[in-house]
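Here the UniProt record's numbering is used: the first residue of the sequence shown is 1, the next is one more, and so on.
Using N, Cα and C, we set each Cβ at its ideal position, and we do this for glycine too.
The structure displayed is predicted, hence computed values, not measured ones.
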Amino acid sequence: MALQYDMFVSSDPDEKGARSKRASSRAAAGMSAGAMVDHLEATGRYRVLQKLEPRPVVAAPRAEFPLVGVILDTETTGLNHRKDEIIEIGVIAFTFDAHGAIGDVIDVYGGLRQPSGSIPAEITRITGITDEMVAGETIDVARLQAIIERADLIIAHNAGFDRPFCEAFSPIFEKKAWACSVSEIGWSDRGFEGTKLGYLIGQAGYFHDGHRAVDDCFALLEVIAGPADDTQETPFAELYAASQRSRVRLYAENSPFEMKDHLKGRGYRWSDGSDGRPKSWWIEIGEEGLDEELRYLRTEIYRWNEADPPMVRLTAFDRFKVR
């Protein structure tokens, strides 16, 4: 004969699980979304990502943010700016101050463009952009120019890629200062495990619909805006400060062939001369490191104290250009 408590306690594990779920649902129903997030994260077993919502465009930006930055992203038919083409461009303009504090979003533009040939299947797979989507589409250059002309700084997540494509597309980009949010922010020092935008967004606590140009621009804005703790400036403040400093591109021209591994190990990269640069190993450094780098080349590479390797001084107006 069944005992009294058997009539109230089910031995069915599925029923127990269902009861537990109902209890959790009742508890959750009384919690705000923020409280639920706090509850889950407090267990140490969950990390909740927040959907990234684009900032609104304001008609009357605050006067205390007098400078204008433009975040730019392109989608292209390939990697070579000399033969491949832009098929989408997205820009968002925002205000900031001389300390790198971000103010308001003041303009947004995104446009598709039909290239001269079919979009490669791999590009469609990566970007989601098809030939049908771009058929008959053109980028509104006048609209784009109105935004770019106001920019004190253009930011791209890999400016070495985007700037050559943009300058091949239109001269409106040529005389602007550019900054790179990949190479000019110390992401690893900030605890990030990578520099790809998807990694940065996730580690910043967001998720978004990526690989469309304007969406990626808004995502990058949130990542560089912070937050920062009391001991650290925001990523954008670091980026803006870096854009104000000149740098030196130093070419180890005519260096002995047997020293190539030494140069590569020190961070030098090879230029084959096809882009107008000297055919040699080269490195880009801050002005403060120039004397040490010249000493290295003269003593370790050339072994001649009078060696005078070519160098070019660069500002944000020159950096990331094709030379």
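Close Cβ partners of residue i (< 6 Å) along its chain, the five nearest in sequence each way excluded
i	result
Ala142	none
Thr195	Val182, Trp187
Neighbourhood of residue i by C-beta distance below 7 Å, restricted to the same chain and skipping five residues each side
i	result
Glu253	Pro278, Ser280, Pro309, Pro310
Asp272	Lys279
Asn305	Arg298
Ala307	Leu297, Arg298
Phe320	Ala159, Gly160, Arg163, Trp178, Cys180
Closest Cα partner of residue i within the set the options
i	options	result
Leu250	Tyr240, Glu238, Gly267, Gln244	Gly267
Val312	Trp304, Ile285, Leu297	Ile285
Lys260	Ser116, Ala241, Leu239, Glu300	Glu300
Asp189	Phe207, Ala60, Met31, Thr234	Thr234
Ala316	Arg247, Leu263, Trp282, Asp275	Arg247
Glu293	Val57, Leu263, Gly205, Val37	Leu263
Lys83	Arg55, Leu153, Ala42, Ser116	Ser116
Gly265	Ile283, Asp275, Ser274, Gly276	Ile283
Ser173	Leu314, Leu72, Ala33	First, the amino acid is wrong: residue 173 is Phe here, not Ser. It is Leu72.
Ile129	Leu314, Gly78, Leu153, Thr195	Gly78
Ser181	Ser32, Thr127, Glu238	Glu238
Thr127	Arg212, Asp318, Thr43	Arg212
Leu314	Gly276, Asp275, Arg245	Arg245
Same chain only: Cβ atoms within 8 Å of residue i, ignoring 5 sequence neighbours per side
i	result
Ile147	Val70, Val91, Ala93, Asp107, Tyr109
Arg303	none
Leu197	His157, Gly210, Asp216, Ala219, Leu220, Val223
Ile137	The question names Ile, yet the displayed sequence has Glu at residue 137. Once the five neighbours on either side are set aside, the close Cβ partners of Glu137 are Gly111, Leu112, Arg113, Gln114.
Gln232	Arg190
Met133	Leu112
Cβ-Cβ distance between residue i and residue j below 8 Å
i	j	result
Glu88	Arg113	yes
Ile155	Ala179	yes
Asp140	Thr74	no
Phe207	Leu40	no
Ile102	Ala225	yes
Phe257	Gly100	no
His81	Ala168	yes
Gly160	Gln50	no
Val37	Val48	yes
Outcome for residue i when other beta-carbon atoms lying within 10 angstroms are tallied against a minimum of 16
i	result
Ser255	buried
Ala219	buried
Trp187	buried
Trp270	exposed
Asp291	exposed
Tyr240	buried
Thr95	buried
Val214	buried
Glu193	exposed
Arg295	exposed
Arg45	exposed
Ser118	exposed
Cys166	buried
Inter-residue CB distance, residue i and residue j (contact presumed, cutoff 8 Å)
i	j	result
Glu184	Ser243	7 Å
Glu85	Thr76	6 Å
Ala151	Lys175	With a Cβ gap of about 11 Å, Ala151 and Lys175 do not count as contacting.
Leu144	Asp97	Actually they do not touch by this definition, with Cβ atoms about 25 Å apart.
Pro61	Asp104	4 Å
Pro164	Val322	5 Å
Cβ-heavy atom distance, residue i to the ligand COA, below 7 Å
i	result
Pro256	The model on display carries no ligand, and the ligand COA is accordingly not part of it.
Any chain D beta carbon closer than 8 Å to residue i
i	result
Val223	The chain inventory of the structure shown lacks chain D, comprising one protein chain alone.
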